[in-house]
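Quick note on the working numbering: the sequence shown kicks off at 2 and runs consecutively.
Backbone N, C-alpha and C define an ideal beta-carbon position, used for all residues, glycine too.
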Amino acid sequence: MKRGIAIILLVFGCTVVIYGLSEKDKGQASIDLGKTEINIGKKDSAFSPYFIVGGIAAIAGIVLLATGGKK
């Protein structure tokens, strides 16, 4: 049971982080004119809620997997 929850947390955490990465650059545009590059849109910070929640869930899953076999 403990191992199943750990795997679910690990998969959930990785999925949330990947989703956060895919949403990070949404709303940005880049134009490259030779040596000149124009970026339009706002830059998102690296500490979005997706990374925080996903990272905590993934770390919790890894900890549960690591301590699951020890009794």
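Which class does S31 belong to by DSSP, given the choice of helix, strand or coil?
strand
Where does the unbroken alpha helix (DSSP H) through K36 begin, and where does it stop?
Element bounds for K36: n/a, residue is neither H nor E.
Out of G5, G62, K3, point me to the one whose CA is closest to C15's CA.
G62
Apart from the five residues on each side of it in sequence, which residues of its chain come closer than 7 Å, Cβ to Cβ, to A98?
An answer regarding residue 98 cannot be provided, because it is not within the stretch 2 to 72 covered by the chain.
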